[in-house]
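Under mature numbering (1 follows the signal peptide of the UniProt record, and there is no 0), read the sequence shown as residues -28 to -1, 1 to 238, first letter to last.
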Amino acid sequence: MTQPDWRYLRQLAGMSLLACMLTQPALAESADERLERLEREIRELRELMQEQNRTGAEAEARAGAAERSQPAPPVEYRSYRQPMHTGRPGGMMRYYLSSETLDSQPPSAMEPTVSGRVAETHEISFDPVEHDVTGAGPFSDYHDPSAYPYAGIELVGELPVAEAGEYQFVIYPKPARQGGANVSTRMSAWLSVDDAQVLEFRDTPSWASQRGTVRLDPGVHRIRVWAVAASDGFGPSPVESRLLLELKGPGDASPRPLDDLRLPRN
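Have a look at this one:
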């Protein structure tokens, strides 16, 4: 059997080792280059994403500014069992304090003590403080029934109706009473729908409800209430009175607060 040439084998192994040593720097240099290229690409991607974010934020800001510059559409209100109706809730009110008798109509020869828009149309107060009358403190002459035995309020608004049928208007008068004594003020009221009188009562000291019924078609109807609280010049002041307005429509089991009124358009 032929013996291997150990010297030749040692030379071959040395040459192989030398080749490996010579190629290692080249391989290491190639890996560094690849790493550097990856880092460069990552930086470029980051810069691209930052640029896209800046562009998107600027576009959103421009869109928001354009949207804010557009006029807002009119507000529409939906009320219980009523159609959509554009307009502000509430009514127009005229308030009178008088030493002279107030009758079934607001006095044409007398300017109202206060007039303007009101938001509350369910509960009406005769208190001058509630209506921001100048000097109307709790100890003012307005609370003296001998000086101001009459207080009157006119309320006008529009009622949108969606369903045809019978509508019952209800007034709960609350004439002022003096606690523990059989002394009270009196209240009168007139309610009309589209200038047709629906409900009327005069000089009642009672708190019992007063009702009037009318048939209404779909559409907007003008509601007007004129109420007067009166005193004999002694006892409780008429300005301590109040009244409640309610409405019972088709399908309603019981009356509900009349808070569907909108400001008149003319």
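Just so it is clear, CB atoms sit at the ideal spot from N, CA and C, and this is done for glycine as well.
Quantities reported herein were computed from a predicted structural model and do not represent experimental measurements.
Would residue i and residue j qualify as a contact pair, given that the criterion is a beta-carbon distance under 8 Å?
{"i": "Thr85", "j": "Leu74", "result": "no"}
{"i": "Trp162", "j": "Gln169", "result": "yes"}
{"i": "Leu127", "j": "Met82", "result": "no"}
{"i": "Arg196", "j": "Pro177", "result": "no"}
{"i": "Glu212", "j": "Asp99", "result": "yes"}
{"i": "Leu219", "j": "Tyr139", "result": "yes"}
My assumption, with CB atoms under 8 Å, is that residue i sits in contact with residue j. Please give the rounded CB distance.
{"i": "Val90", "j": "Gly63", "result": "6 Å"}
{"i": "Glu121", "j": "Gly205", "result": "Note on residue identity: the sequence assigns Pro, not Glu, to residue 121. The Cβ separation is near 5 Å, so the contact holds."}
{"i": "Pro227", "j": "His94", "result": "With 8 Å as the limit, Pro227 and His94 do not qualify as a contact, their Cβ atoms being about 11 Å apart."}
{"i": "Pro208", "j": "Ala119", "result": "At roughly 14 Å, the Cβ-Cβ gap does not stay under 8 Å, so Pro208 and Ala119 are not in contact."}
{"i": "Arg234", "j": "Pro132", "result": "7 Å"}
{"i": "Asp189", "j": "Ala134", "result": "Actually they are not in contact, since the Cβ atoms of Asp189 and Ala134 sit about 10 Å apart, beyond 8 Å."}
{"i": "Gln202", "j": "Ile125", "result": "Here residue 202 turns out to be Ala, not Gln, going by the sequence shown. Contact flag wrong, Cβ pair sits at about 13 Å."}
Put residue i into one of helix, strand or coil per three-state DSSP.
{"i": "Arg60", "result": "coil"}
{"i": "Ala31", "result": "helix"}
{"i": "Ala202", "result": "strand"}
{"i": "His103", "result": "coil"}
{"i": "Tyr120", "result": "coil"}
{"i": "Leu17", "result": "helix"}
{"i": "Pro55", "result": "At Pro55 the pLDDT is 47, less than 50, meaning the model places this residue with poor confidence and gives no usable figure here."}
{"i": "residue 301", "result": "Residue 301 is absent from the structure shown; the chain starts at -28 and stops at 238."}
{"i": "Val86", "result": "strand"}
If distances are taken between C-alpha atoms only, which option among the options comes closest to residue i?
{"i": "Gly221", "options": "Leu7, Pro208, Arg187 and Leu235", "result": "Arg187"}
{"i": "Gly184", "options": "Ser2, Val165 and Asn25", "result": "Val165"}
{"i": "Glu72", "options": "Asp167, Pro61, Ser181 and Pro117", "result": "Pro117"}
{"i": "Ala123", "options": "Arg234, Tyr67 and Glu8", "result": "Tyr67"}
{"i": "Gly59", "options": "Asn154, Glu130, Phe141 and Ile143", "result": "Glu130"}
{"i": "Ser97", "options": "Pro236, Arg214, Ser112 and Asp231", "result": "Arg214"}
{"i": "Ile143", "options": "Glu5, Ser160 and Leu10", "result": "Ser160"}
{"i": "Tyr114", "options": "Pro236, Arg26, Pro210 and Tyr139", "result": "Pro210"}
{"i": "Leu237", "options": "Val192, Glu11, Glu92 and Ala202", "result": "Reading the sequence as shown, one finds Arg at residue 237 and not Leu. Of the listed residues, the one whose Cα sits closest to Arg237 is Val192."}
{"i": "Asp167", "options": "Met21, Arg194 and Arg34", "result": "Arg194"}
Task: Length at least 3, wholly inside the region 165 to 204: the beta strand (DSSP E) runs in chain order - done: 168 to 176, 182 to 188 and 191 to 202
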